[in-house]
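In terms of the working numbering, the sequence shown is numbered consecutively and its last residue is 191.
In what follows, a structure is listed as structure tokens, so that the remarks can point back to it.
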Amino acid sequence: MKSLRQTFRDNRRKAGNAVRSWLQPRLGAVGRRYRVAARIRKANSWATRHPRRTFGYVVCSLLLILAFDIIITGARMESQEPNLQSIVKVEPVFNGFRTIQRGKEDQRRRIAEMAGDGQALKHELDSLIAITDKSHDDSIAIIQRYRQLEQIVKSLKNTDKNEED
């Protein structure tokens with residue numbers, strides 16, 4: 027049984043052979059038509075007779091390619107500079123976000139104040155209810171505090187429902 031690595035290697039080799047068998051006649055025809063092999067032999071024989079010139083030509087060619095590459099890359103970088111005017115247009119979005127955040131903080135602060143007021147009213151109501159001999163004023167105060175507490179609870183419940191949506 028073949029290993030998975032061996033199977034991959036065989037398949038890669040078969041694909042390479044298929045590509046080579048397809049390309050070889052086409053590239054061979056181009057080579058014969060333009061006499062590439064003869065020109066390469068001639069260039070190699072000239073290079074072996076003139077090693078310093080060959081070295082100079084190769085170095086100069088590579089330096090020219092490097093210089094042109096740097097120039098082209100620099101030109102592309104200049105054309106890709108960020109458009110700062112579009113960044114300026116983002117500021118109103120951030121201002122709107124800050125306004126929303128301030129509104130949320132104010133709402134949280136008000137809810138916390140209402141919860142604190144509700145707790146104070148509850149303690150006050152408990153102390154009024156705990157009185158054994160209540161006067162008429164005490165009864166009115168209990169009803170008033172109870173209604174205030176109901177309003178706070180209703181408001182807090184509405185706030186919770188709005189936050190869930």
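Virtual Cβ for every residue (Gly too), placed ideally from N, Cα, C.
Because the structure is a prediction, the values reported are computed rather than measured.
Reduced DSSP category for residue i - H, G, I as helix; E, B as strand; rest coil
i, result
"Arg61", "coil"
"His76", "coil"
"Thr99", "helix"
"Asp194", "Absent from the model: residue 194. The displayed extent of the chain is 27 to 191, so no value can be given."
"Trp71", "Correcting the residue type first, residue 71 is Ser in the shown sequence and not Trp. Here Ser71 sits in helix by DSSP."
"Lys28", "coil"
C-beta contact flag for residue i and residue j at 9 Å
i, j, result
"Leu182", "Arg171", "no"
"Ile22", "Ala138", "A question about residue 22 goes unanswered here, because the residues of the chain that appear run from 27 up to 191."
is_contact[residue i, chain D] using C-beta, thresh 9 Å
i, result
"Pro77", "In the structure shown, chain D does not exist; there is a single protein chain."
Residue interval of the alpha helix (DSSP H) (run including residue i)
i, result
"Thr125", "117 to 155"
Could you say if the stretch 125 to 136 and the stretch 157 to 174 meet the contact criterion of at least three C-beta pairs nearer than 8 Å? no
Indicate whether the contact test is met: 3 or more Cβ pairs, each with one atom in the stretch 129 to 136 and one in the stretch 145 to 164, closer than 8 Å. Cβ pair count under 8 Å is below three, so no.
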